[in-house]
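Take the sequence shown: its position 227, counted from the start at 1, is 1284 in our numbering, and no numbers get skipped.
From the three backbone atoms N, C-alpha and C, an ideal C-beta is built for every residue, glycine too.
The structure presented is a predicted model; accordingly, all values stated were derived computationally and were not measured.
To keep things clear, I will list the structure first and then write my remarks on it.
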Amino acid sequence: MSHELEKRKIPPSGVPYRVEEDSFYDKCFDGHPLPVWFDCDTGVDDAIALLLLRQLPCFRLLGITTVAGTVLLDKTSSNTLCVLELAGSDLPVYRGADRPLIRDQITAPEVHGMNGLGDVILPAPSRQLEKEEAWDALYQAARACKGELVLIAVGPLTNIGLALAKYRDLPSLLKRVVIMGGGARGGNTTPAAEFNIFADPEAAEILFSSGVPVTMCGLDMTMKAYLT
């Protein structure tokens, strides 16, 4: 199969994809670690992502913000601190939004257990959350990185919506936002909606209309992984 046809083929899921020449992602592996910020509602999946992210040499993780999601904010924040302590990391963690911008909060304890970590009890963290608000910390990191910061968001997008609403110049300071959210072939919360977008669609709309380049890693990517 030619390179051009390979770029245009349809994988078994039926969802088309595109591989870009000299893409943004190629730069992740050019020997210059990308500065990244991680926004999460730490459950089992986000805990694994966090541990992987801090170990990959192509990324330089600067900070973490927590948001209410599949479980309440107090639990997502505590889970994040517990996982980092277990990994021997002292990365700063900032408490974010405890509810969506407008709508009532929804949770999904049936997914990752009542505590978000499959009901596994980790040792209590020995340190506290940072005092600065999540959206303020994100903005300051983006300013310090001068347009090179990549934001990875794997929970509801409330913190990002609040940051973009408060700091109108933030879009020009972010290199890209990569989200786990949405889906091309249905949802996991309603027949059409994926949880992270459904939990705060107004925040998602703020991000999608902000002008920041967004890469959506939808629900479809979490259902099957193809190894080549």
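- Nearest in C-alpha terms to D1098, of all of S1146, Y1151, P1090 and L1113, is Y1151.
- With respect to the 8 Å criterion, I1236 and V1269 are not classified as neighbours on the basis of their beta carbons.
- Approximately 22 Å separates the beta-carbon atoms of L1148 and I1178; this is outside 8 Å, ruling out the contact.
- Excluding residues up to 5 positions away in sequence, I1263 lie with their Cβ nearer than 7 Å to the Cβ of A1222 in the same chain.
- Contact check between the region 1252-1259 and the region 1205-1223: three or more CB pairs, one atom from each, fall below 8 Å, which counts as touching.
- According to the DSSP secondary-structure assignment, P1092 is paired through a beta bridge with R1117.
- In the structure shown, A1210 adopts extended strand secondary structure according to DSSP, grouped into three states.
- L1143 carries a helical assignment under DSSP once its states are collapsed to helix, strand and coil.
- For V1128, the secondary structure class from DSSP, reduced to helix, strand or coil, is coil.
- 8 Å or more divides the Cβ of G1153 from the Cβ of T1127.
- The three-state secondary structure of T1285, taken from DSSP, is coil.
- A residue is called buried when at least 16 other Cβ atoms come within 10 angstroms of its Cβ; H1169 meets this threshold and is buried.
- When only Cα atoms are considered, P1166 and P1182 end up about 22 Å apart.
- Put simply, of L1138, E1259 and L1108 the residue whose alpha carbon is nearest the alpha carbon of E1187 is L1138.
- About 18 Å separates the CB atoms of E1189 and G1218; that is not less than 8 Å, and the two are not in contact.
- In the structure shown, the three-state DSSP call for T1215 is helix.
- Your pair D1155 and A1125 checks out as a contact, with CB atoms roughly 5 Å apart and the cut at 8 Å.
- Setting aside the 5 residues that flank it on each side, K1132 is surrounded in the same chain by N1172 and G1173, each with a C-beta closer than 7 Å to its C-beta; the list follows chain order.
- A residue is called buried when at least 16 other Cβ atoms come within 10 angstroms of its Cβ; K1203 does not meet this threshold and is exposed.
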